Amino acid sequence: MTSQITLTNTGSDAETLSSFSPPTYFSLNTTGITGTACTTGLILAKDASCNINLVYTNGAVTPNATAPVTVNYSYTVLGVSKTASSSVGLTYQTVQSLASLTVSPATISFATPVLNNAYDSSVQTIIISNNSDTTATNLDEILSGNDSALFSITKNNTCTATLAAGDSCSMDIQFGPLASSTAAGTKTARLGLSYNNAATAVNNNTPITAQAVSAQSAIITTALTGNNGFTGAGTSGSPYSVSQNATPAPTITITISNSGTVPATDFYITPSSLGNWTLVNNNCGTSGSGVTLNATSGACTFGLQLATATAGAQNYALSNIAMDWVDQDSPTGQTTQYMSGSIYAEVNAVTPPPSASIAVSVVYSSWDNSQTGGTQADPLLLHYIGNNLPMAFINLTYTNTGNGAANNFTSTLATLPNGWSLRTHGCNATTLAANNGTCTDQYKFIAPQDIHATGTEFNNGNVKLSWNDDTPHESQVLTLPVGTAGLGGYNTANVIYNAVYLDMFVSSAAHNGQFSTVAGGNDAIANADILCTGDAQNTLVGTSYKALLVAESSTPTLANSRYACTTQACTVGESYNWVLQSNLRYSSLTNYNQIIGMTNASSIFPSGADINKIFVDSAKYIWTGLATIDATSQAQGYYNWMTTYPGFTDGPQISPITPTTRGNCNNWTSNTAYDNLHPDFLAAGNSGRGNQSGYNAFALSSQGCNDNGNKHYLLCVQQPSAD
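If you count the sequence shown from 1, you need to add 50 to reach this note's numbering.
Pasting the structure below:
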């Protein structure tokens, strides 16, 4: 601590300063002195002055004490030099230093009022400064007063527990959030600071003032404000009323209003259930897309539209509709409020005018009474009949199951499939009476010239239906029903699939294996065909049959040769004058038209064909001449569907020869025990039998060609034309 002192010569003579004697804890210097500095040797004239700094250098606590500071000087009187001194007493004491903190602003006032909605708040920032030369430690802030609980101190700022001398820091005082129970009005508190090295325990009781305001809520009401299409008042005693199937559908309008003094923002409605009602024309917002209902008179509308297909009470509880919004009292979202009341509505049943309803039934018939099939997997099988005769019929019967007559009922024909034509048009501008009035159209099928012709499927696109029951029905699509087992009507996706088949039968008469002279001449194959066509079982005029016999001549003709395969692979094109068609179904003529199987591209039955169905008498044998499936035949190069050793009578023979390889009675020209060229071998013919399955029914064993109990039958196969 430094003080500047002034020395003045109050004597009558000039004085020369010789020395200074400060007491303990003090020193003297002339640093920064203004005016004349007091220095040793300085001569002060009478009434002159000089200045010098007196510095207190004691830093330790020292009790109150007194000591002199002395100035020594000399002067001359009448030529005589004299010395003298002057002293001034100093009183001094060293005490403990104190810190001093101030708060800015001196009064903490919150300019923005805070709503008592438990959400809003206001913040004021204050500055605390240490204007002393002592550090304040263990700094703490204390709120006091009646409303101090409504305020809080935010610590996430620059103030810490220590504030150095000359430094300052900031902190936030927050007012709110205020509970809804907080009364409106002025709220006060005081901020005190507690710290070490303070003059008192708590300093700077800074006043705090703020205003609390009561938060307001939107007041939401609902009302039914209009209807379109209803009669009645909509009450339980007088419900809204509308006729069944009314057009347009009737609609109720509902208005939602805000009569409160604050707006309802982000307002929206959410129906949890609507029943037979539909939300329409909604201007009241949806979740994520709310609207604002202004204070005092804000409003929105939405509609509820009733589906009137079902007669009876169609009441609706409005409590199924929730309302949500944000207002001053609920800044984070109003607790969901549900609408109240009910809509009472009645749909009155209306008796519809009489109307027709058309159902169709399908019956298949054919000359052999085959009535099954019709699907893609199991087609309707049509037995081929020559001479341009119908093979099958489809009867489409239309029944009116409605309660009104179908007037001018007409089935209109489009282009019919290949082979089909209309036989009788019973449904042409006729009236189908209500409740099961009927009419029937019949279509016939005549096989195309090409037995493999495609596009013969009858489908619903071939027929269109029209009628009038006070409402015109034009070109209605025919829907084919799924059939009942045994009664026809089968189809796949409204298409009746069909397939043509040929038949075969076992001849009525047995033969000894020599066919060359049966009908004259030596043409055994041609003669056997004549026997088949003329058999009593062939009852259809113009239908031809050929015998399933194989023979190979060195000079083959259609009259003396016939075979299916010449190699084990039996590729397409190996056959000659063969009796089976490729890729075609065959049935048994005499065994209830059962399907035997379907040939492949090489015109033979693959394994699995149910061959024995051709036999009515399973004990019968049939001549075929086909190679048997035994090791001996295969060792000599003969396989299924190949001709066994032909036994040419007009050319060289294959050697060695065994009786089992000579299996076609010398090309069906011999019925003797020996042939002319090889008298040492029997004339034999390969045959099948009805008690065998698969290929064995065609070629089981070799039998002698003679009249001694070895007569066998022919297998007669239908041909697709009369040629």
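All residues carry an ideal CB built from backbone N, CA and C; glycine is no exception. Bear in mind the structure is a predicted one, so any value in this text is a computation, not a measurement.
For residue i, the residue or residues it bridges with in DSSP
{"i": "residue 363", "result": "396"}
{"i": "residue 77", "result": "105"}
{"i": "residue 443", "result": "415 and 494"}
{"i": "residue 262", "result": "164 and 235"}
{"i": "residue 44", "result": "A question about residue 44 goes unanswered here, because the residues of the chain that appear run from 51 up to 773."}
{"i": "residue 95", "result": "Answer is none; residue 95 lacks a bridge partner."}
{"i": "residue 116", "result": "141"}
{"i": "residue 317", "result": "341"}
{"i": "residue 540", "result": "Looking at the DSSP assignment, residue 540 forms no beta bridge with any residue, so it has no partner."}
Through-space distance from residue j to residue i, alpha-carbon basis
{"i": "residue 347", "j": "residue 341", "result": "14 Å"}
{"i": "residue 685", "j": "residue 620", "result": "17 Å"}
{"i": "residue 485", "j": "residue 405", "result": "10 Å"}
{"i": "residue 377", "j": "residue 358", "result": "39 Å"}
{"i": "residue 671", "j": "residue 764", "result": "8 Å"}
{"i": "residue 57", "j": "residue 81", "result": "16 Å"}
{"i": "residue 124", "j": "residue 135", "result": "8 Å"}
{"i": "residue 167", "j": "residue 290", "result": "43 Å"}
{"i": "residue 450", "j": "residue 414", "result": "21 Å"}
{"i": "residue 191", "j": "residue 170", "result": "24 Å"}
{"i": "residue 184", "j": "residue 208", "result": "19 Å"}
{"i": "residue 639", "j": "residue 770", "result": "15 Å"}
{"i": "residue 311", "j": "residue 210", "result": "45 Å"}
{"i": "residue 774", "j": "residue 438", "result": "There is no way to answer for residue 774, as the model of the chain reaches only from 51 to 773."}
{"i": "residue 459", "j": "residue 402", "result": "21 Å"}
{"i": "residue 202", "j": "residue 214", "result": "25 Å"}
{"i": "residue 720", "j": "residue 564", "result": "5 Å"}
{"i": "residue 634", "j": "residue 505", "result": "16 Å"}
{"i": "residue 443", "j": "residue 500", "result": "20 Å"}
{"i": "residue 595", "j": "residue 602", "result": "20 Å"}
{"i": "residue 223", "j": "residue 173", "result": "6 Å"}
{"i": "residue 69", "j": "residue 216", "result": "40 Å"}
{"i": "residue 631", "j": "residue 674", "result": "17 Å"}
{"i": "residue 194", "j": "residue 55", "result": "49 Å"}
Neighbour-count burial assignment, residue i, 16 or more Cβ in a 10 Å radius
{"i": "residue 754", "result": "buried"}
{"i": "residue 143", "result": "exposed"}
{"i": "residue 573", "result": "buried"}
{"i": "residue 374", "result": "buried"}
{"i": "residue 762", "result": "buried"}
{"i": "residue 710", "result": "At residue 710 the pLDDT is 36, less than 50, meaning the model places this residue with poor confidence; the figure from the coordinates comes in the next sentence. Label assigned to residue 710: buried."}
{"i": "residue 387", "result": "exposed"}
{"i": "residue 446", "result": "buried"}
{"i": "residue 331", "result": "exposed"}
{"i": "residue 354", "result": "buried"}
{"i": "residue 644", "result": "exposed"}
{"i": "residue 766", "result": "buried"}
{"i": "residue 181", "result": "exposed"}
{"i": "residue 255", "result": "exposed"}
{"i": "residue 519", "result": "buried"}
{"i": "residue 554", "result": "buried"}
{"i": "residue 257", "result": "exposed"}
{"i": "residue 113", "result": "exposed"}
Option in the options with minimal Cα separation from residue i
{"i": "residue 637", "options": "627, 648, 629 and 628", "result": "648"}
{"i": "residue 338", "options": "316, 448 and 301", "result": "316"}
{"i": "residue 440", "options": "429, 449, 177 and 471", "result": "471"}
{"i": "residue 102", "options": "113, 84 and 383", "result": "84"}
{"i": "residue 448", "options": "694, 415, 522 and 531", "result": "531"}
{"i": "residue 713", "options": "264, 749, 742 and 743", "result": "749"}
{"i": "residue 739", "options": "665, 691 and 160", "result": "665"}
{"i": "residue 122", "options": "107, 110 and 92", "result": "92"}
{"i": "residue 66", "options": "55, 100, 51 and 77", "result": "100"}
{"i": "residue 153", "options": "219, 215 and 76", "result": "219"}
{"i": "residue 424", "options": "522, 59 and 549", "result": "549"}
{"i": "residue 272", "options": "349, 313 and 328", "result": "349"}
{"i": "residue 452", "options": "444, 590 and 409", "result": "409"}
{"i": "residue 626", "options": "598, 457 and 498", "result": "598"}
{"i": "residue 120", "options": "371, 679, 78 and 395", "result": "78"}
{"i": "residue 59", "options": "511, 302, 88 and 372", "result": "88"}
{"i": "residue 736", "options": "758, 365, 683 and 768", "result": "683"}
{"i": "residue 335", "options": "305, 356 and 469", "result": "305"}
Beta carbon proximity, residue i to chain D, threshold 8 Å
{"i": "residue 265", "result": "Here chain D cannot be found, since the structure has a single protein chain."}
Residue i Cβ short of 7 Å to the ligand COA heavy atom set
{"i": "residue 746", "result": "Ligands in the displayed structure: none, and consequently the ligand COA is not present."}
- Query: What runs of the alpha helix (DSSP H), each 4 residues or longer, lie entirely inside the stretch 452 to 515?
  - Reply: Within the stretch 452 to 515, complete alpha helix (DSSP H) segments of at least 4 residues are not found at all.
- Item | Length at least 3, wholly inside the stretch 588 to 642: the beta strand (DSSP E) runs in chain order | Listed in chain order, they are 595 to 597 and 635 to 638.
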